[in-house]
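When we follow this note's numbering, the leftmost residue of the sequence shown carries the number 41, and every step to the right adds one. Every residue, glycine too, gets a C-beta built ideally from N, C-alpha and C. This report refers to the structure that appears directly beneath it.
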Amino acid sequence: MDRLKGKRALITGGSSGIGLETARQFVAEGARVAITARAPNAFEQARQQLGDGAAYIVSDAANAAGQKKLASEIEDRFGKLDVLFVNAGIADLRPMEQWDESGFDNTFGINVRGPFFLIQALLPLFANPASIVLNASINADIGMPNASVYAASKAGLLSMARNLSAELISRGIRVNAVSPGPIATPLYSKLGLSAADLQATSEALQKQIPARRFGKPAEIANAVVFLASDESAFTVGGEIIIDGGLSL
Ligand SMILES: NC(=O)c1ccc[n+]([C@@H]2O[C@H](COP(=O)([O-])OP(=O)(O)OC[C@H]3O[C@@H](n4cnc5c(N)ncnc54)[C@H](OP(=O)(O)O)[C@@H]3O)[C@@H](O)[C@H]2O)c1
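As structure tokens, then:
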């Protein structure tokens, strides 16, 4: 109940899916939470679940300069920050031939560049101790058709967890990552697939997962709560894989 009591937490991309469920668990564990999304009207569902105690901040993870503004809003609201869950991300899956520079830059801008500059902007605000959790993906660890750019962006986050940990642990800041396998969230409806193709993709994926099902957002949030809390004080630069065995 009180595993995050008194902690001040920022969750990027908290309006949906894994981010929203994590925000719900953080609040239930006693944290004060701020979440971001790109549009003011994206917070309706979150407001219903989290209430008026949470902060709802419009911020585009793709805008590296905008991360300073986000940090300043967090400073105004919380003063210091104990937990950052870098969760906002997109999955743009395409065959190699269909990639162009702007699509590549869009994925890296949201999934890697924005997070890096957000952490930089928040550095003066992190408490000691503080915990940063990066939402990577099992795609960083496996090979899958059409996932090259997405997987590379998530591999960048895993590398950041290790290297930023090495750099920041002396200030009491731990950086770890979670790598989810396929999790049932609205992300799949954003892939641009027809209902029939989505169904076929989902069935094909489930056959590849030893657990024979998609994961639930709560199964990722459980691990994020652990990494955010002081229970994981000796876990530094690590990766928790939660993928139903997909990467076995
Ligand atoms: N679902 C899976 O199978 C799976 C597996 C591995 C990893 N992941 C990772 O988990 C994270 C969350 O995904 P999800 O499955 O929960 O998907 P989701 O339901 O689509 O949620 C994505 C969240 O990120 C936000 N977001 C996207 N682009 C943003 C931007 N430029 N600026 C600010 N917020 C942005 C979205 O808000 P708005 O669109 O409203 O702005 C939303 O809150 C992603 O990083 C994804 O790569 C998911």
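Look at Asn-81 here: in three-state DSSP terms it is helix. One thing to note: Ile-159 has its Cβ no nearer than 9 Å to the Cβ of Asn-146. Leu-227 has its Cβ nearer than 8 Å to a heavy atom of ligand 1. Secondary structure note for Ile-280: its beta strand (DSSP E) is the uninterrupted segment 279-282. Setting aside the 5 residues that flank it on each side, Ala-195 is surrounded in the same chain by Ala-180, each with a C-beta closer than 6 Å to its C-beta; the list follows chain order. Looking at the backbone, the Cα of Ala-128 and that of Ser-210 are separated by about 27 Å. A contact between stretches requires three or more CB pairs, one per stretch, nearer than 8 Å, and the segment 57-74 meets this requirement with the segment 87-96.
Its Cα nearest to that of Leu-227, the residue Gly-53 stands out among Ile-182, Met-41, Gly-53.
In this structure, Ile-97 lies near Glu-113, with their beta-carbon atoms less than 9 Å apart.
Cβ-Cβ distances below 6 Å link Lys-120 to Leu-165, Ala-167 in the same chain, with the five nearest sequence neighbours on each side left out; the list follows chain order.
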